[in-house]
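Residue numbers (my numbering): 2 to 395.
Written below as structure tokens is the structure these notes are about.
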């Protein structure tokens, strides 16, 4: 009969010196791109300042957690870099949320172009998917491994401004402030400790075995990460809440006669949720919606028949597919038509359908204008909007 050796014996066979050599480096990383020895070149590609090579994830073999933490640290720097580009290259202004935030409470923000609230003609609203991506990003992976054009919303912002749109850049994943949880005080030994049974006391006093066990645990999980707790941002505690808040406080008060929306992945789900909450307003203000590989589901989200019909008319979803760009793809549910984004990579769908999206918006605007010109009634979208603005007390 095969017998498993007892734990003390297994621990005694571990070479502690070897474990020390393999110990994980500290989980402390550079705070700037320069300290990381990376920079973005003229093509917007992240490259090592000395070797010129692309970013290498496996900087240290057999240390996956350390490599992952290093990648995340670089990702945080990239996030700040994109914020700088939004402000300096795109001339966007950061606006703090909630609008009536107090000094003590956590806050989020969005970015607005100078004419986002005043542009009388067109407003473009950009909504990314969920996860680590923040304002101005479609996919962190693309920014780090491919380039800024494919991974950020900057090309959309630049093109929109050239074509006369005001622009709003949302930040649906900035939902809470993460604070370090205070360490729990070590409990004092109870007075009854000395009355413990002898067997239990002997087990506790087996110091040599405990020392080896500690080394073993350190090898398996060398550095304990600090525990944190999340304080939600008021009225922005989820992507859906955030979009509803921005709609109520910004989009609905903007001057633009026609609102256009690009929603990637989870952003599409948030948009359908917004329609369920503000159906009449969305229909009144929004000219066209371009989704990219949206994960919305009209059945699970209880979208009404009228919402489904509106999506069929005013929305297109460019999905990951091996088919050429703009090839119709069989619809899964009776909502917006699906077109190929010309790529099978989910995160690339927004960038690959870039030109098609702006062509779709131009056509939708032209169709809408022709409809309003040919209509002799007062029930155009424009008159609906004016009526809504007069009656809506925000």
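Where a beta carbon is used, it is the ideal one built from N, C-alpha and C, also for glycine.
None of these values were measured; they are calculated from a predicted model.
Throw me the rounded Cβ distance for the residue i and residue j pair, which I believe falls under 8 angstroms.
{"i": "residue 145", "j": "residue 47", "result": "6 angstroms"}
{"i": "residue 173", "j": "residue 243", "result": "5 angstroms"}
{"i": "residue 276", "j": "residue 255", "result": "Not a contact, Cβ separation roughly 18 angstroms."}
{"i": "residue 79", "j": "residue 137", "result": "Not really, about 10 angstroms apart at Cβ, beyond 8 angstroms."}
{"i": "residue 40", "j": "residue 91", "result": "Not confirmed; about 20 angstroms, so no contact."}
{"i": "residue 169", "j": "residue 252", "result": "7 angstroms"}
{"i": "residue 295", "j": "residue 270", "result": "7 angstroms"}
{"i": "residue 120", "j": "residue 257", "result": "5 angstroms"}
Strictly by DSSP, which residues pair up with residue i?
{"i": "residue 318", "result": "292, 339"}
{"i": "residue 233", "result": "177"}
{"i": "residue 169", "result": "113, 126"}
{"i": "residue 329", "result": "340"}
{"i": "residue 259", "result": "123"}
{"i": "residue 95", "result": "112"}
{"i": "residue 264", "result": "128, 292"}
{"i": "residue 41", "result": "47"}
Is it buried or exposed, residue i, if we count other Cβ atoms within 10 angstroms and call 16 or more buried?
{"i": "residue 58", "result": "exposed"}
{"i": "residue 107", "result": "buried"}
{"i": "residue 370", "result": "exposed"}
{"i": "residue 24", "result": "exposed"}
{"i": "residue 129", "result": "buried"}
{"i": "residue 240", "result": "buried"}
{"i": "residue 285", "result": "buried"}
{"i": "residue 147", "result": "buried"}
{"i": "residue 101", "result": "exposed"}
{"i": "residue 293", "result": "buried"}
{"i": "residue 356", "result": "exposed"}
{"i": "residue 53", "result": "exposed"}
{"i": "residue 333", "result": "exposed"}
Can you check whether the CB of residue j is closer than 8 angstroms to the CB of residue i?
{"i": "residue 365", "j": "residue 354", "result": "no"}
{"i": "residue 461", "j": "residue 246", "result": "No answer is possible for residue 461: it lies beyond the span of the chain, which begins at 2 and ends at 395."}
{"i": "residue 74", "j": "residue 110", "result": "no"}
{"i": "residue 176", "j": "residue 234", "result": "yes"}
{"i": "residue 230", "j": "residue 273", "result": "no"}
{"i": "residue 167", "j": "residue 114", "result": "yes"}
In the structure shown, what three-state DSSP assignment does residue i receive?
{"i": "residue 65", "result": "helix"}
{"i": "residue 90", "result": "coil"}
{"i": "residue 147", "result": "coil"}
{"i": "residue 244", "result": "helix"}
{"i": "residue 308", "result": "helix"}
{"i": "residue 283", "result": "helix"}
{"i": "residue 134", "result": "coil"}
{"i": "residue 301", "result": "coil"}
{"i": "residue 47", "result": "strand"}
Would residue i count as contacting chain C if we go by Cβ distances under 8 angstroms?
{"i": "residue 100", "result": "Absent from the structure is chain C; it holds one protein chain and no more."}
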